[in-house]
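Student: Take this structure first; my questions come after.
In full-length UniProt numbering, the protein residues as written are 1 to 443.
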């Protein structure tokens, strides 16, 4: 599961769904590797047309490099070595995609005496799109992420067109099949498209299918229906008319209808999801700080804690108290106390990751929950103190913010401690540290 999951209830993904998606991603990479191997065997004249395999050599190389890049850039692989290896694979994939473009153009002027069957231009274009997506995927920039979304939609539509064309080409209803399809190269493209779609679905336009709200449920229910219905209609229309319609025209019409129908479905699903998020914000967020309120924090943090216990990863809770809120309210008034709460919320947002669950759980009490080990939560607490001190120094306020905190960590699946128990222990740690500080000041 991606640890940078969005901090909103409506798109909080089902862990089982993410695990299934990750498993399917590995299966697709294995399928791509097998397709490449089968294509290389064809080059040796084993199991297929060597002429077709020669024409698809740049496609096989591009598939291999794209699959290597996706594997190296997986979230479970970190470090400088993997980062440089991913960049090298991306550069080689770009070079291979450039070769695909020139190779495809060469096919338009090649003579039959070369004993090479060049792949269709639309198949070559699919590999160019795939390379663009692989190079830009997982980028944090909003604009680049939208470009990847657009390229992803085009690639899925192109794959759908190629698949429908190949299937319809084998039906007598649509006349003879005049299109040459290289099966291994096409299988590679389909498999890697599934992989990048699942990867981009964690943050892009297809994330609606991984959500937990009504809009996401509607998208998951109606998308398969809208995907099959246009092609079923084209098949029925050809059978009723018996006019020997072109299989390519039927595939184009069916794909265009799918694009329009699924586009409308996504639009309304996103609108419903947005309204759900707004309702959840009204119910589960604190108006003064825009952090989660007591109910929202407990709901999301409990879910995250159970996930950490199932996956055997450490989980930490940080308890924070705004010590002098009552003093600010009594001496400076309610507006100043509201400003102090708001600034405390801003400090927490600036200090912790978006995936960490941050909430105001009492009048002057705050909490943060996330996947930290003991060292990680200690560093985060020190960073929080430093950010608060910096803000106090810059603001020159009459009464500076005074934050006291305590934190606890569970060791993954070794304990079944509840969130309530962790918060109580963190509060006790905060009280103990505060008592020690007072003793040190007295002495």
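The beta-carbon is built from N, C-alpha and C at its ideal position, and this holds for glycine as well.
Using the beta-carbon count (16 or more within 10 Å), is residue 170 buried or exposed?
Tutor: exposed
Student: How should residue 5 be labelled, buried or exposed, when 16 other C-beta atoms within 10 angstroms of its C-beta is the threshold for buried?
Tutor: Only weak support exists for where residue 5 lies, its pLDDT of 38 falling under 50; the value from the coordinates is given anyway. With 16 or more other Cβ atoms within 10 Å, it is buried.
Student: Please name the residue, chosen from 367, 277 and 62, that lies closest to residue 188 on a Cα-to-Cα basis.
Tutor: Residue 188 has its Cα closest to that of 62, out of 367, 277 and 62.
Student: On a CA-only basis, which of 299, 190 and 103 is nearest residue 152? Give me that one, please.
Tutor: 190
Student: So what does DSSP say about residue 418, is it helix, strand or coil?
Tutor: Reduced to three states, the DSSP call for residue 418 is coil.
Student: For the beta strand (DSSP E) holding residue 313, just list the boundary residues, first then last.
Tutor: It is not in any beta strand (DSSP E) - residue 313 carries neither H nor E in the DSSP assignment.
Student: Pull the bridge partners of residue 298 from the DSSP assignment, please.
Tutor: BP columns for residue 298 are empty, so no partner.
Student: Around the C-beta of residue 334, are 16 or more other C-beta atoms found within 10 angstroms, so that it is buried, or is it exposed?
Tutor: exposed
Student: Please list the terminal residues of the continuous beta strand (DSSP E) segment that includes residue 367.
Tutor: 365 to 370
Student: Would you grab the beta carbon distance between residue 206 and residue 216 for me? Rounded to a whole angstrom, and I think it's under 8 Å.
Tutor: About 11 Å separates the two Cβ atoms, so there is no contact after all.
Student: Check the C-beta distance from residue 319 over to residue 407 and give it rounded, since I have them as a contact under 8 Å.
Tutor: 7 Å
Student: Kindly indicate which residue of 240, 235 and 120 has the alpha-carbon position closest to the one of residue 247.
Tutor: The shortest C-alpha separation from residue 247 is found at 235.
Student: Can you look up residue 275 in the DSSP assignment and give me helix, strand or coil?
Tutor: helix
Student: Can you tell me the Cβ-Cβ gap for residue 370 and residue 352, rounded? I've got them flagged as a contact below 8 Å.
Tutor: About 7 Å separates the two Cβ atoms, so the contact holds.
Student: Please confirm whether residue 204 and residue 149 have their CB atoms less than 8 Å apart.
Tutor: yes
Student: Is it the case that the Cβ atoms of residue 290 and residue 363 are separated by a distance below 8 Å?
Tutor: no
Student: Taking contact to mean at least 3 C-beta pairs separated by less than 8 Å, is the region 419 to 439 in contact with the region 310 to 318?
Tutor: yes
Student: Just to confirm my understanding: we take residue 137, look at its own chain, exclude 5 residues before and 5 after, and list those with CB closer than 7 Å. What are they?
Tutor: So the list reads 148, 196, 199 and 200, once near-sequence residues are dropped.
Student: I'd like the list of long-range same chain contacts for residue 58, defined as Cβ closer than 7 Å, with 5 residues on each side in sequence excluded.
Tutor: Same-chain partners within the cutoff: 96, 99, 100 and 103.
Student: Please confirm whether residue 349 and residue 292 have their CB atoms less than 8 Å apart.
Tutor: no
Student: Quick one: what does DSSP say residue 113 is sitting in, helix, strand or coil?
Tutor: Model confidence at residue 113 stands at a pLDDT of 45, short of 50, so the residue's coordinates are unreliable and nothing is read from them.
Student: In the structure shown, what three-state DSSP assignment does residue 209 receive?
Tutor: Assignment of residue 209 by DSSP, reduced to helix, strand and coil, places it in the helix class.
Student: Please identify the residue among 131, 221 and 284 whose C-alpha is closest to the C-alpha of residue 266.
Tutor: 221
Student: Please report the Cβ distance between residue 302 and residue 419, rounded to the nearest whole angstrom; I am assuming they are in contact, meaning their Cβ atoms lie under 8 Å.
Tutor: 5 Å
Student: Measuring straight from C-alpha to C-alpha, what distance separates residue 230 and residue 165?
Tutor: Whole-angstrom Cα-Cα distance: 14 Å.
Student: DSSP three-state label for residue 81, please.
Tutor: In the three-state DSSP reduction, residue 81 falls in the helix class (H, G or I).
Student: Is the separation between the beta-carbon of residue 155 and that of residue 123 shorter than 8 Å?
Tutor: no
Student: With residue 82 and residue 72 assumed to form a contact (beta carbons below 8 Å), what rounded beta-carbon distance in angstroms separates them?
Tutor: 5 Å
Student: Could you tell me the boundaries of the beta strand (DSSP E) in which residue 360 lies?
Tutor: 357 to 360
Student: Would you call residue 390 buried or exposed, if buried means 16 or more other Cβ atoms sit within 10 Å of its Cβ?
Tutor: exposed
Student: To the nearest angstrom, how far is it from the Cα of residue 143 to the Cα of residue 263?
Tutor: 20 Å
Student: In the structure shown, what three-state DSSP assignment does residue 396 receive?
Tutor: coil
Student: Pick out whichever of 238, 134, 192 and 132 has its Cα sitting closest to the Cα of residue 27.
Tutor: With distances taken between Cα atoms, residue 27 lies closest to 192.
Student: Quick check on residue 352: does DSSP put it in helix, strand or coil?
Tutor: coil
Student: Quick one: complete alpha helix (DSSP H) runs, 4+ long, within the region 214 to 252?
Tutor: 214 to 241
Student: Taking all protein chains shown into account, do 16 or more other C-beta atoms lie within 10 angstroms of the C-beta of residue 354, making it buried, or fewer, making it exposed?
Tutor: exposed
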